[in-house]
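*Asks:*
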Amino acid sequence: MTESEIRDNLQKVKAALKQDVTLCAVSKRHDAKEILCAYRQGQRVFAENHVQEMVLKHNELPADIQWHMIGHLQTNKVRQIAPFVSLIQSVDSMHLMEEINRQALKAGRVIPILLEIHLGQEESKTGLSFQECLALLNDPQTALLKGVRIEGIMGMASHTDDRAQIASEFRLLKTFFIFLQTTYAFSYPALRTLSMGMSGDYDLAVEAGSNMVRVGTGIFGERMTIAQ
Ligand SMILES: *Cc1c(COP(=O)(O)O)cnc(C)c1O
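In the numbering used here, the protein residues as written are 2 to 229.
Okay, here's the thing in structure tokens:
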């Protein structure tokens with residue numbers, strides 16, 4: 002994509018978002034040059050799904066970029082991003098949360114996280130069911146993790162062309178989110194982010210009440226097939 006294409010895409014996406022919706026530009030498998038094009042348009046939040054790639058980009062790009070991790074995260078790699086990552090959106094186990102806590106404390110900071118919820122009917126190796134999410138929040142151990150701050154949930158709709166199906170999954174996740182905010186108002190007062198919506202469905206997500214969308218191809222075009 003050229004600089005002007007990226008600029009036009011960004012403007013188009015932003016125009017479709019309500020004011021309180023945070024746009025994460027998903028820059029995985031796009032190079033530093035393309036990221037800088039979006040940066041020059043004022044974009045500061047970028048999301049990656051591989052630790053190695055995020056570390057390299059963090060090292061070479063402006064320091065005021067906020068890096069979000071959105072991909073499956075192995076516990077042995079948390080250490081590499083703990084000093085700088087601004088939000089880990091893909092937390093789906095106590096084990097991972099404990100390791101983030103450990104590395105956050107080592108780095109002398111509190112790392113904001115979202116719990117990833119598995120929506121839809123497909124088999125999936127990642128993401129929590131609603132039940133599992135509640136079990137994590139109810140576990141007394143969770144409240145003891147001073148190095149993590151649970152700020153909300155992230156979800157992806159089923160991989161389908163059925164827009165009505167996608168919209169109904171988003172509405173369900175919104176309902177669950179409101180339930181969490183109400184139920185855990187005292188134990189988890191930082192619950193405020195509902196991350197749902199990607200290039201193909203962010204309009205439906207925002208309509209359903211999302212306040213964070215993750216848009217990749219809609220800004221940068223098709224991704225390179227081989228990770229750098
Ligand atoms: C890649 C990715 C996105 C962005 O997908 P696009 O269809 O390119 O917008 C959003 N969320 C997650 C978790 C991703 O892995």
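Each residue gets a CB set at the ideal place from its N, CA and C atoms; glycine is no exception.
So residue 92 packs on residue 114, CB below 8 Å; how close in whole Å?
*Replies:* At roughly 5 Å, the Cβ-Cβ gap stays under 8 Å, so residue 92 and residue 114 are in contact.
*Asks:* Do you know how far the Cα of residue 164 is from the Cα of residue 157?
*Replies:* Cα to Cα, residue 157 sits roughly 13 Å from residue 164.
*Asks:* Let me know the secondary structure DSSP gives residue 113 once reduced to three states.
*Replies:* Of the three classes helix, strand and coil, the one that applies to residue 113 here is strand, per DSSP.
*Asks:* I need the DSSP call for residue 7, collapsed to helix, strand or coil.
*Replies:* Note: residue 7 maps to helix in three-state DSSP.
*Asks:* Return the Cβ separation of residue 99 and residue 146 in integer angstroms, given the expectation that the two are a contact with Cβ distance under 8 Å.
*Replies:* At roughly 7 Å, the Cβ-Cβ gap stays under 8 Å, so residue 99 and residue 146 are in contact.
*Asks:* Cβ of residue 137 within 8 Å of Cβ of residue 185?
*Replies:* Not in contact: residue 137 and residue 185 (Cβ atoms no closer than 8 Å).
*Asks:* Can we say the segment 39-58 touches the segment 12-28, given the rule of at least three CB pairs closer than 8 Å?
*Replies:* Taking 8 Å as the limit for Cβ pairs, the verdict is that the segment 12-28 does touch the segment 39-58.
*Asks:* Does residue 90 pass the burial test, meaning 16 or more other C-beta atoms within 10 Å, or should it be called exposed?
*Replies:* So residue 90 ends up on the buried side.
*Asks:* Whose C-alpha, out of 67, 104, 5, 87, is nearest the C-alpha of residue 78?
*Replies:* Closest by alpha carbon: 104.
*Asks:* If distances are taken between C-alpha atoms only, which option among 218, 144, 73 comes closest to residue 52?
*Replies:* It is 73.
*Asks:* Name the one or two DSSP bridge partners that residue 96 has.
*Replies:* Paired residue(s): none; residue 96 is not in a bridge.
*Asks:* Hey, residue 97 and residue 152 are a contact pair by Cβ (cut 8 Å); roughly how many whole angstroms apart?
*Replies:* The pair is not a contact, with the Cβ atoms about 16 Å apart (cut-off 8 Å).
*Asks:* Is any heavy atom in ligand 1 found nearer than 7 Å to the beta carbon of residue 110?
*Replies:* Checking every heavy atom of ligand 1 against the Cβ of residue 110, none is found closer than 7 Å.
*Asks:* Are the beta-carbon atoms belonging to residue 140 and residue 213 less than 8 Å from one another?
*Replies:* Not a contact, by the Cβ cut-off of 8 Å.
*Asks:* What would DSSP say about residue 47, mapped onto helix, strand or coil?
*Replies:* Three-state result, residue 47: strand.
*Asks:* Between residue 210 and residue 175, how many whole angstroms is the CB-CB distance? I'm expecting something under 8 Å.
*Replies:* So it is a contact: roughly 4 Å between Cβ atoms.
*Asks:* If the criterion is Cβ atoms closer than 8 Å, does the pair residue 18 and residue 207 meet it?
*Replies:* A contact, by the Cβ cut-off of 8 Å.
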